[in-house]
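Q: Per the numbering used here, the sequence shown starts with residue 24, numbered consecutively.
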Amino acid sequence: MAALEVKGVTFSYDNVTTVLKDINLTLNDGEIVCLLGVSGGGKTTLFNIISGLNKPQQGSVLLNGNDITGQTGKISYMLQKDMLLPYRTVVDNVALPLIIKGMKKKEARIKAGEQFAAFGLEGTQKKYPSELSGGMRQRAALLRTYLFSADVALLDEPFSALDTLTKSEMHRWYLDVMSSIRLSTIFITHDVDEAILLSDRIYLLRGKPGTLTDEIIIRESKPRSDDFNLTEEFLNYKREIISKIRA
Numbered sequence: 024m025a026a027l028e029v030k031g032v033t034f035s036y037d038n039v040t041t042v043l044k045d046i047n048l049t050l051n052d053g054e055i056v057c058l059l060g061v062s063g064g065g066k067t068t069l070f071n072i073i074s075g076l077n078k079p080q081q082g083s084v085l086l087n088g089n090d091i092t093g094q095t096g097k098i099s100y101m102l103q104k105d106m107l108l109p110y111r112t113v114v115d116n117v118a119l120p121l122i123i124k125g126m127k128k129k130e131a132r133i134k135a136g137e138q139f140a141a142f143g144l145e146g147t148q149k150k151y152p153s154e155l156s157g158g159m160r161q162r163a164a165l166l167r168t169y170l171f172s173a174d175v176a177l178l179d180e181p182f183s184a185l186d187t188l189t190k191s192e193m194h195r196w197y198l199d200v201m202s203s204i205r206l207s208t209i210f211i212t213h214d215v216d217e218a219i220l221l222s223d224r225i226y227l228l229r230g231k232p233g234t235l236t237d238e239i240i241i242r243e244s245k246p247r248s249d250d251f252n253l254t255e256e257f258l259n260y261k262r263e264i265i266s267k268i269r270a
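(1) If you draw a straight line from the C-alpha of Lys66 to the C-alpha of Val114, how long is it?
(2) Using DSSP with H/G/I as helix, E/B as strand and the rest coil, what is Ile219?
(3) Would you list the one or two residues that DSSP bridges to Ile204?
(4) With a cut-off of 8 Å on the beta carbons, I'd call Asp105 and Arg160 a contact; round off their distance for me.
(5) Compare the Cα-Cα distances from Ile55 to each of Arg162, Ile204, Glu255 and Leu228 and report the closest residue.
(6) The beta strand (DSSP E) with Ile91 in it runs from where to where?
(7) If distances are taken between C-alpha atoms only, which option among Glu217, Asp90 and Arg229 comes closest to Lys44?
(8) Give me, in chain order, the residues of the same chain whose beta-carbon lies closer than 8 Å to that of Leu170; leave out the 5 immediate sequence neighbours on both sides.
(9) CB-CB under 8 Å to Leu178, same chain, minus the five flanking residues each way: which ones, in chain order?
(10) Kindly indicate which three-state DSSP category Ile240 falls into: helix, strand or coil?
(11) Hey, Leu58 and Val175: beta-carbon distance below 9 Å or not?
(12) What span of residues does the beta strand (DSSP E) with Lys44 cover, start to end?
(13) Please classify Leu235: is it buried, with 16 or more other beta-carbons within 10 angstroms of its beta-carbon, or exposed?
(14) How is the alpha helix (DSSP H) around Phe257 delimited, first residue to last?
(15) Report yes if the C-beta distance between Ser152 and Ala140 is below 9 Å; otherwise report no.
(16) Determine the DSSP secondary structure at Gln161, reduced to helix, strand or coil.
(17) DSSP three-state label for Leu121, please.
(18) Bridge partners for Leu272 per DSSP, in chain order?
(19) Please report the straight-line C-alpha distance between Ile123 and Ala131, rounded to a whole angstrom.
(20) Excluding sequence positions up to five away, which residues of its chain have a Cβ less than 8 Å from the Cβ of Met24?
(21) Would you check if the distance between the CB atom of Thr112 and the CB atom of Lys149 is smaller than 9 Å?
(22) With a CB to CB cut of under 6 Å and the five nearest residues on each side skipped, what residues in its chain are close to Leu108?
(23) What residue range is occupied by the uninterrupted beta strand (DSSP E) comprising Ala131?
(24) May I ask you to list the residues that DSSP assigns as paired with Lys78?
(25) Considering only the alpha carbon of each residue, which of Gly125, Ile225, Met193 and Ile239 lies closest to Gly157?
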């Protein structure tokens, strides 16, 4: 059974402007899937539907086989900005989902703190977000997302605000931590290289209304070599994706 299924989703604003049409996708356990397309193509709208913020006119969203269409609080959703609260310490920011679920603050801090080493955040518990680098803030945001739901996470351009060197470092870290926690993930990006480096599969969302026109399987096993983006296999994937986007 897939961790997540989107079946026949069509969505229109005010029942007039159709943004998405007949969207079908699957996310398997522990898989990293990318949603790639141009700006304004409906990617964020699709995330809003999967997370329950918007309800489609047609179709359904299934989590572990259960229909969650239009239900919030079932799937983690990490926005492009880290959204860390500046007046809370890092550990209190990270523990927030546990507190919202009813766990006592002291217990939530302990449970969140147990994951700090795995996410490369050890020693930052009592610091404030303003004291962290951009990469460290994203690590904290991802840990908070994981604690909200260990089943499925949606990441909306999680690395787009980082500089090139920090982004490259975060890519390596992200693949390492994902292989450890096996969080089933769909992420949005406009970066073709990033999509190829991180994904098991890539869906191309194109057109108006947006439809999933292609699925590209990245067959190289993980962990991938540090110079994977310099190989002929990588360049072939890139040529294929760019040609399909331009078609």
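A virtual CB, placed ideally from N, CA and C, is assigned to each residue, including glycine.
A: Once the coordinates are examined:
(1) Residue 66 sits at position 43 when you count from the first residue of the sequence shown. Residue 114 sits at position 91 when you count from the first residue of the sequence shown. Between the alpha carbons of Lys66 and Val114 lies a distance of about 31 Å.
(2) Within the sequence shown, residue 219 is the residue found at index 196, counting from 1. In the structure shown, Ile219 sits in a helix (DSSP, three-state: H, G or I).
(3) Taking the first residue of the sequence shown as position 1, residue 204 is located at position 181. Under DSSP, no beta-bridge partner is assigned to Ile204.
(4) Within the sequence shown, the letter at position 82 stands for residue 105. Within the sequence shown, the letter at position 137 stands for residue 160. The pair is a contact, with the Cβ atoms about 5 Å apart (cut-off 8 Å).
(5) Along the sequence shown, one-based indexing puts residue 55 at 32. Out of Arg162, Ile204, Glu255 and Leu228, Ile204 has the C-alpha closest to the C-alpha of Ile55.
(6) Counting from one through the sequence shown, the residue named residue 91 turns up at place 68. No residue range can be given for Ile91, since it is assigned to no beta strand (DSSP E) and is classified by DSSP as neither H nor E.
(7) Locating residue 44 in the sequence shown gives position 21, where the first residue counts as 1. The shortest Cα separation from Lys44 among Glu217, Asp90 and Arg229 belongs to Arg229.
(8) The residue labelled residue 170 in the question sits at position 147 within the sequence shown. Counting only Cβ-Cβ distances below 8 Å, and skipping sequence neighbours, we find Val117, Ala118, Pro120, Leu121, Lys134, Ala135 and Gln138.
(9) Here residue 178 refers to the residue found at position 155 when the sequence shown is read from its first residue. Counting only Cβ-Cβ distances below 8 Å, and skipping sequence neighbours, we find Met101, Leu165, Thr168, Thr208, Ile209, Phe210 and Ile211.
(10) Along the sequence shown, read from residue 1 onward, the residue named residue 240 stands at position 217. Note: Ile240 maps to strand in three-state DSSP.
(11) Walking along the sequence shown from the start, residue 58 turns up at place 35. Walking along the sequence shown from the start, residue 175 turns up at place 152. No, they are not a contact pair.
(12) Your numbering for residue 44 matches position 21 in the sequence shown. From DSSP, the beta strand (DSSP E) with Lys44 extends over Thr40 to Leu50.
(13) As a first step, residue 235 is located in the sequence shown; it is residue number 212 there, counting from the start. So Leu235 ends up on the buried side.
(14) Mapped onto the sequence shown, residue 257 falls at position 234. Per DSSP, the continuous alpha helix (DSSP H) segment holding Phe257 begins and ends at Glu255 to Arg269.
(15) Locating residue 152 in the sequence shown gives position 129, where the first residue counts as 1. Locating residue 140 in the sequence shown gives position 117, where the first residue counts as 1. The residue asked about is misnamed: residue 152 is Pro in this sequence, not Ser. No.
(16) Taking the first residue of the sequence shown as 1, we reach residue 161 at position 138. Per DSSP, reduced to three states, the secondary structure at Gln161 is helical.
(17) Position 98 of the sequence shown, counted from the start, is the residue given in the question as residue 121. Residue state, collapsed to three classes: helix.
(18) Summary: the structure shown does not reach residue 272, with the chain confined to residues 24 through 270, and so no result is reported for it.
(19) Residue numbering aside, residue 123 sits at position 100 when the sequence shown is read from its first letter. Residue numbering aside, residue 131 sits at position 108 when the sequence shown is read from its first letter. Ile123 and Ala131 have their C-alpha atoms roughly 10 Å apart.
(20) Position 1 of the sequence shown, counted from the first residue, corresponds to residue 24. Taking Met24 as the centre and dropping the five residues before and after it, the same chain places the C-beta of Asn87 and Gly88 closer than 8 Å to its C-beta, in chain order.
(21) In the sequence shown, residue 112 corresponds to position 89, counting from 1. In the sequence shown, residue 149 corresponds to position 126, counting from 1. When the beta-carbon positions are compared, Thr112 and Lys149 come within less than 9 Å of each other.
(22) Position 85 of the sequence shown, counted from the start, is the residue given in the question as residue 108. Within the same chain, Leu108 has close Cβ partners Asn116.
(23) Residue mapping note: residue 131 aligns to position 108 of the sequence shown, counting from 1. Where Ala131 is concerned, there is no enclosing beta strand (DSSP E), although the alpha helix (DSSP H) it sits in stretches over Lys128 to Gly136.
(24) If you number the sequence shown from 1, residue 78 lands on position 55. Beta-bridge analysis with DSSP links Lys78 to no other residue.
(25) Walking along the sequence shown from the start, residue 157 turns up at place 134. Among Gly125, Ile225, Met193 and Ile239, the Cα nearest to that of Gly157 is on Met193.
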